[in-house]
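Following my numbering, the numbering of the sequence shown begins with 27 at its first residue and continues without gaps. Following: one structure in structure tokens, then a few remarks.
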Amino acid sequence: MKSLNRYWRERHLSKSEIVFRVIAFVFFLVVAFSYVYLIFWCFYSGMRSHEDFAANPFGFSVLHLENYIDVFRVIESNGASFFEMIGNSLYFSFLGPLLCIFVTCQFAYVASKYRFPGAKIIYILVLAVTILPIYGTSNGMYKLLYNLGWMNTHLMILTSLGGFNIYFLFFYAFFNSLSWTYAEAAQVDGANPWQIFYKVMLPQALPMFGSLFLMCWITEWNSYATALIYLPKLPTLAVGIYQFKTLTLYSNRSDLLYAACAISMIPPLLLFIFCNKALMSNVSIGGIKE
């Protein structure tokens, strides 16, 4: 207790500030525990038998791993492959966001650092597009992709560019905060606009690039409606999990549903664990001082 009191005195905090910090700490601790508890409960429920889960959904019972094996069997009995769904999810959730973030980064750089007629209009239009709900444009998008012959093809990756407006605003604000001094020094050394971007500006934006890519990846990984509407013959993991609620034979098997959800959470959890430092340290990234 004495060491704790000295800790607060050394930081010259008043009693009201100490109370506020303690309340904030307890609040965020409760929020963090609730998230961890939900993840734990999903994995735990996936290891319970159907009989135990039906008798007492919130009780504790003997655990086993048969449900995780049955998930693959149930999906395959419906004429699909769970491994294929995982592969489709990894494919579209990796290449789509990578293409989207890469193109958006260049577009935002030009709009923020180069002055040309219509630059502000482009920014206003992109800002206005963010107001439109994504699913409000699904009818027109479906007709366009059907006429182009892109349905059930890998060209669907290009449709990820349709959601670039949010990431454009992040990159636009980031490049506006960067000093133009580095670019001017590169111009003096004879660098052209492409060299300035790829060798001077882009390396400074890599932390932002990585953070937005991770957020975009998680969004695409959990996307259900897009895969269901545009990729009916190339189902993703989100579509496969929903089959447990639509298949009459397994509609009441909550244990299998929890097991399938637990499997789908493994890639995002691994990505977050290994990229946690990069993600957390760059969420509030700012400009570089001169």
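Glycine residues also receive a C-beta, built at the ideal position from the N, C-alpha and C atoms.
Taking C-beta atoms as the reference points, F53 and A134 fail to come closer than 7 Å.
E43 counts as exposed, since fewer than 16 other beta carbons sit within 10 angstroms of its beta carbon. In the DSSP annotation of this structure, N248 is not part of any alpha helix (DSSP H), being labelled neither H nor E. Cβ-Cβ separation between G72 and A285: approximately 3 Å, consistent with a contact (criterion under 8 Å).
W220: member of the alpha helix (DSSP H) spanning 219 to 222, first to last residue. Per DSSP, I157 is not a residue of any alpha helix (DSSP H), being assigned neither H nor E. When DSSP states are grouped into helix, strand and coil, K271 belongs to the helix group. Collapsing the DSSP output to three states places P293 in a helix.
Inter-residue distance for N114 and E77 is about 33 Å (C-alpha atoms, whole angstroms). W243 carries a helical assignment under DSSP once its states are collapsed to helix, strand and coil. Beyond the five residues adjoining it in sequence on each side, Y161 comes within less than 8 Å, by CB distance, of A251 in the same chain, given in chain order. The alpha-carbon of K169 is positioned some 10 Å away from that of W176. Taking the C-beta atoms as reference points, A288 is found nearer than 7 Å to F69. The C-beta separation of L238 from F196 comes to about 6 Å, placing the pair in contact by the 8 Å criterion. Taking every protein chain shown into account, the CB of G122 has 16 or more other CB atoms within 10 angstroms, so this residue is buried. In this structure, the beta-carbon distance from M167 to P261 does not fall below 7 Å. For C301, the secondary structure class from DSSP, reduced to helix, strand or coil, is coil. Inter-residue distance for Q269 and E102 is about 11 Å (C-alpha atoms, whole angstroms). Considering only A209, E246, D281, the residue with the shortest C-alpha distance to A81 is D281. Nearest neighbour of Y198 by Cα position, chosen from Q221, L153, A217, turns out to be L153. R74 sits away from S60, with the two beta carbons spaced by 7 Å or more. Secondary structure at K146: helix, using DSSP grouped into helix, strand and coil.
One Cα belongs to I299, the other to T163, and the distance between them is close to 35 Å.
If you draw a 10 Å sphere on the C-beta of F51, you find fewer than 16 other C-beta atoms in it, and that means exposed.
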